[in-house]
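Reviewing the structure listed below.
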Amino acid sequence: MPETGPLTRSMDKQFEKLFAMMAEMKAGQEGLEQKMEAGQERLEQEMRSGQEEIKSQIQAHTESQVEEMKTHVDGCIGKIEEEVQCVKLKIENVESEVQRKIKESNCEVQEKIGNLERRISELEERPNYFPASPEFISSRPTVKPLTFDGQTSWTVFKTQFDVVSSTNGWTDFEKASQLVASLQGSAAEVLQGIPADKLTDLTTVEKALESRFGDSHLTQFYRTELKTRRQKPGESLQELAADVE
C-alpha cells in the first residue's frame with residue numbers, strides 16, 4: 001500500500017471535520033424540526049383551547065342574554081296581567097255602580113209613580129172644595145166652588161171659575177188647588193198626565209184641560225161627528241140638517 005503524503009492526511013482530517021460538522025448540523029436540524037413540530041402542536045393546542053374558551057364565552061353570553069330577555073318578557077307579561085286585572089276590577093266597579101244607580105232610579109220612579117197615584121186617588125176622593133186655611137181666611141163673601149166633568153163646555157166653566165176665584169180672592173195656588181179639586185169623571189183623568197209637582201201650578205193645569213176640552217178639541221170632535229153622521233131611519237133631511245148644525 002502506498003504511503004500517503006502530508007497533504008492527503010491533512011485533507012482527510014478536514015473531511016472528517018466536515019463530516020462531523022455535517023452530522024452535527026443534521027442533528028441540530030432534526031432537533032430544530034422536532035422543536036418546531038412541538039411548538040406548532042403547542043400553538044395548535046392553544047388555538048383550539050382559545051377557540052373552545054371563546055365558544056364557551058359566547059355561549060355563556062348568549063345564554064345570559066336569553067335569560068335576561070326571558071326575565072324581561074316575563075316581567076312585561078306580569079305587568080300586563082296586573083293591568084288587565086285592574087281594568088277588570090274597574091269595569092266590575094263601574095258595572096256595580098251603574099246597577100246601583102239603576103236600582104236607585106227605579107226606586108225613585110216607582111216612588112214618584114206611587115205618590116202620583118196616591119195624589120190622584122186623594123184628589124178623586126176629595127170633596128169639591130178645600131177647607132180654607134187660617135192664612136187665607138178673609139172677610140170677603142165666598143162662592144161655592146164649581147165642578148167640571150168634561151161633559152159641559154170648558155170655555156163656559158172656565159169663565160164661571162174665573163168669576164168664582166175672583167169673588168173668593170183666591171191666589172194662583174188656591175186657584176190651581178180648587179180647579180184640581182173640581183174635576184170629576186173624564187176631566188179628572190187629565191191629572192194623570194201632569195207631574196205631581198205641577199198639580200199646584202195653575203198654568204199647567206189649565207193648559208192640560210184646554211188641550212183636552214178646549215174649543216180646538218171640540219172643533220175636531222164635531223168635524224169627526226159630522227163625517228160619521230148618517231141619516232137615521234125615518235129621519236127627514238130637515239131634522240138631519242138641524243142636528244148637524
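Under the numbering used here, the first residue of the sequence shown is numbered 1, with each subsequent residue one higher. Just so you know, even glycine gets a beta-carbon here, dropped at the ideal spot from N, CA and C.
- A residue is called buried once 16 or more other Cβ atoms fall within 10 Å of its Cβ, and I194 is buried on that count.
- DSSP places L183 within a strand segment (E or B) once states are collapsed to three.
- Cβ contact annotation for Q192 (same chain, cutoff 7 Å, sequence separation greater than five): I120, in chain order.
- Relative to F148, the option among M21, E206, I102 whose CA is nearest is E206.
- In this chain, the alpha helix (DSSP H) harbouring T203 covers 202-213.
- Here the region 154-167 makes no contact with the region 83-101; the two share fewer than three CB pairs at distances below 8 Å.
- Rounded to whole angstroms, the gap between the alpha carbons of I54 and K13 is 60 Å.
- Per DSSP, D197 lies in no alpha helix (DSSP H) and is assigned neither H nor E.
- Looking at the DSSP output, F173 sits in no beta bridge, so it has no partner there.
- DSSP lists L183 as the beta-bridge partner residues of F148.
- Residue nearest to R212 within the set G234, D197, A188, K198 is A188 (criterion: CA-CA distance).
- In the displayed model, K158 falls within a helix according to three-state DSSP.
- Cβ-Cβ separation between G150 and S186: approximately 4 Å, consistent with a contact (criterion under 8 Å).
- The beta carbons of L202 and K232 sit about 44 Å from each other, so the pair does not count as a contact at 8 Å.
- Leaving aside the five residues that flank F161 on each side, the residues in its chain whose CB is nearer than 7 Å to its CB run, in chain order, L146, L179.
- Taking 4 residues as the shortest admissible run, the region 63-88 contains no complete alpha helix (DSSP H) segment at all.
- Distance from the CA of V84 to the CA of I77, rounded to the nearest whole angstrom, comes to 10 Å.
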